[in-house]
Every structure is written in C-alpha cells, then in structure tokens.
Amino acid sequence: MSFPRPGYLLLIALLLLGVRAAAQQVVNIDVKISFVPVYVGQGAYADPGHDYWNAVTSGVGATALLASDGVTTTTLSFAMDDPEYANIGFGGDQEFAGNLLADYFYMDGATPTAFTLGGLTPGHAYDIYLYSQAGSSYSTDRAATFTLDGSTQGLTAFTIAAYEEGTNYVRFSVTATGTSLGGSFIGSLGFNEAELNGLQIVDHGVAAIPEPSTYAALAGLAALALVARRRPRR
1 MSFPRPGYLL
11 LIALLLLGVR
21 AAAQQVVNID
31 VKISFVPVYV
41 GQGAYADPGH
51 DYWNAVTSGV
61 GATALLASDG
71 VTTTTLSFAM
81 DDPEYANIGF
91 GGDQEFAGNL
101 LADYFYMDGA
111 TPTAFTLGGL
121 TPGHAYDIYL
131 YSQAGSSYST
141 DRAATFTLDG
151 STQGLTAFTI
161 AAYEEGTNYV
171 RFSVTATGTS
181 LGGSFIGSLG
191 FNEAELNGLQ
201 IVDHGVAAIP
211 EPSTYAALAG
221 LAALALVARR
231 RPRR
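Just so we're aligned: the sequence shown equals residues 1 to 234 in the UniProt record's numbering.
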C-alpha cells in the first residue's frame, strides 16, 4: 500500500482549511469639479502599477466603482446622504497631488455633512482613507473632523508636499458587519466649512474559518503524514 507524500498531505490540508490569499482590492475616488482633471497617481495607500481614480462629480455619487486597475468592476458605491446640498468647490494653494486635493465636497454650517459607503462585504476588513486639504500653507480654516462607523478623527488641513496622516488625510480600519458604512464630516475648529477631497477604500478580504469537521479531517491527515514519514522505504 502506498501513502501520499507529506507535501501532498499539506496541500490537501490547506484545501480543506479553505485558506485563500485575500484578493486585496483598492478603490480610489476623486471628488471632481468640471475644470480640474481627474487625479492619476498614488494615494496615501500605495498601490504600485494601479493609479485609476473614479471621478465623482455630484452628491449622487457613483455605483459599481472601478478598482484601481481601471478595469475591474466592484460592488462598492459612494454617495452623499443629502445630494441636493452636496456642494462641490475649488481652492487653496496646492503643493502636492493638486488634481486630488484642489477640489472637494464642502459642508457649510453647523450640521455634519453625511455620506454612505455601500456594497461592502460583511466580515471583510477595510481601511478607509479620507482626504481633506483646501487651506493655504499656514491655515487650518478648512480643517475637518471625520466620523465613520461611530469613530471620529480630525486633521489639520495644512498644505504640505506629501501625504501625512492627521494633516491631509485620516485612516479608519473597520470590519464590515453589514453592506454599508455611514460617515460624516464637519469643521474641526468651529469654522463653518470643511472639505472632503476624495477617499480610498482598501478591501483586505478575510480568511475562511474552518468548520469543526474540517479539524477532524486535518487530524486524520496529520496521523497519515506521520505514518508515511515513519514507513521504511523498500
């Protein structure tokens, strides 16, 4: 009687576990005013070789957004909760990534402006990068405070020549419990205006969890592998 080699047994075990490489997927969104070209390039989350950004030109947002390769259609969507009052503006002195950071949705008032990310996969781990930079080099008059899934982070909105967390973007790490996430932004320092220039959605996926019966099968395979290793060669 011949036994499978231990290497094959390991492969079978991995198949039983349902282990799969998380197909990491990145979706980039650039809030766009008509006369500014869509940004092409890397964001704070580096995705070498992929630099496609979806253009969102109104508060209605967009559905079936393309991944950063510019080809793959995703289930993800983005929209402002009150699209009629989702204003798009332009301004500031940009030193870096101007086509991304020069135009924006802006809120004007004391009430947070809300948005929704849709088409998420429950159980998947996501990093959400939210960009906000529209002031001049030494001004924080457009600084925003973002809330996503109940967590809050603020930034300074200083104009600098690089991506810097807490300055021109914030990052939220969440595990989706449903298919959508709600967020909002408002001025950080009591001013009436704050901006959302764009965002990145990074889906890290999730590893499959084995069923109890799978563990029993793995135990049997381990025993078989041990016998195969100890069996003398003829």
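Yeah, the Cβ is synthetic: ideal placement off N, Cα and C, and Gly gets one too.
Rounded to whole angstroms, what is the Cα-Cα separation between residue i and residue j?
{"i": "PHE96", "j": "ASP103", "result": "13 Å"}
{"i": "LEU155", "j": "THR73", "result": "31 Å"}
{"i": "ALA67", "j": "ILE29", "result": "10 Å"}
{"i": "THR184", "j": "ASP82", "result": "Just to set this straight, residue 184 is Ser in the shown sequence, not Thr. When rounded, the distance between both Cα atoms is 11 Å."}
{"i": "LEU181", "j": "GLY98", "result": "28 Å"}
{"i": "GLY43", "j": "TYR163", "result": "8 Å"}
{"i": "GLY41", "j": "TYR52", "result": "7 Å"}
{"i": "PHE105", "j": "THR147", "result": "15 Å"}
{"i": "ALA114", "j": "ALA86", "result": "9 Å"}
{"i": "THR145", "j": "THR111", "result": "12 Å"}
{"i": "TYR129", "j": "ASP149", "result": "13 Å"}
{"i": "ILE88", "j": "ASN168", "result": "18 Å"}
{"i": "THR116", "j": "VAL71", "result": "23 Å"}
Taking DSSP's pairing of strands, which residues face residue i in a bridge?
{"i": "ARG171", "result": "TYR129"}
{"i": "residue 279", "result": "Summary: the structure shown does not reach residue 279, with the chain confined to residues 1 through 234, and so no result is reported for it."}
{"i": "LEU76", "result": "According to DSSP, LEU76 bridges with nothing at all."}
{"i": "ASN54", "result": "ILE29"}
{"i": "ASN197", "result": "According to DSSP, which records beta bridges pairwise, ASN197 is partnered with nothing at all."}
{"i": "PHE146", "result": "GLN153 and PHE185"}
{"i": "GLY118", "result": "SER77 and SER180"}
{"i": "THR113", "result": "PHE185"}
{"i": "VAL202", "result": "VAL26 and ASP127"}
{"i": "GLY89", "result": "TYR104"}
Determine, for residue i, whether the minimum Cβ-Cβ distance to residues of chain D falls below 8 Å.
{"i": "ASN87", "result": "In the structure shown, chain D does not exist; there is a single protein chain."}
Indicate the three-state DSSP secondary structure (helix, strand or coil) for residue i in the structure shown.
{"i": "ASN28", "result": "strand"}
{"i": "TYR104", "result": "strand"}
{"i": "ASN99", "result": "helix"}
{"i": "GLU164", "result": "coil"}
Under 7 Å Cβ to Cβ from residue i, same chain only, skipping five residues before and after it: list those, please.
{"i": "VAL32", "result": "First, the amino acid is wrong: residue 32 is Lys here, not Val. Result list for LYS32: VAL38, ALA55, VAL56, THR57 and ASP103, in chain order."}
{"i": "THR179", "result": "GLY118, GLY119, LEU120 and PRO122"}
{"i": "GLN25", "result": "ALA67, THR74 and ASP203"}
{"i": "PHE90", "result": "ILE33, VAL36, ALA102 and ASP103"}
{"i": "SER151", "result": "PHE172"}
{"i": "TYR45", "result": "VAL26, ASP127, TYR129, GLN200 and VAL202"}
{"i": "THR177", "result": "PRO122"}
{"i": "GLN94", "result": "LEU101, ALA102 and THR159"}
Residues in its own chain within less than 6 Å of residue i by CB, not counting five upstream and five downstream?
{"i": "ASP69", "result": "HIS50"}
{"i": "ASP47", "result": "VAL26 and SER68"}
{"i": "THR175", "result": "ALA125"}
{"i": "LEU65", "result": "VAL27, ASN54, THR74 and LEU76"}
{"i": "GLY166", "result": "LEU155"}
{"i": "THR63", "result": "SER77"}
Count the other CB atoms within 10 Å of the CB of residue i; is the residue buried (16 or more) or exposed (fewer)?
{"i": "ILE201", "result": "buried"}
{"i": "ILE160", "result": "exposed"}
{"i": "VAL170", "result": "buried"}
{"i": "GLY61", "result": "buried"}
{"i": "ALA79", "result": "buried"}
Excluding the five sequence neighbours on either side, which residues of its own chain have a C-beta within less than 8 Å of the C-beta of residue i, listed in chain order?
{"i": "GLU84", "result": "GLY59"}
{"i": "LEU100", "result": "ASP30, TYR39, GLY41, GLY43, TRP53, TYR131, ASN197 and GLY198"}
{"i": "GLY92", "result": "LEU101, ALA102, GLN133, ALA134, GLY135, SER136, ARG142 and THR159"}
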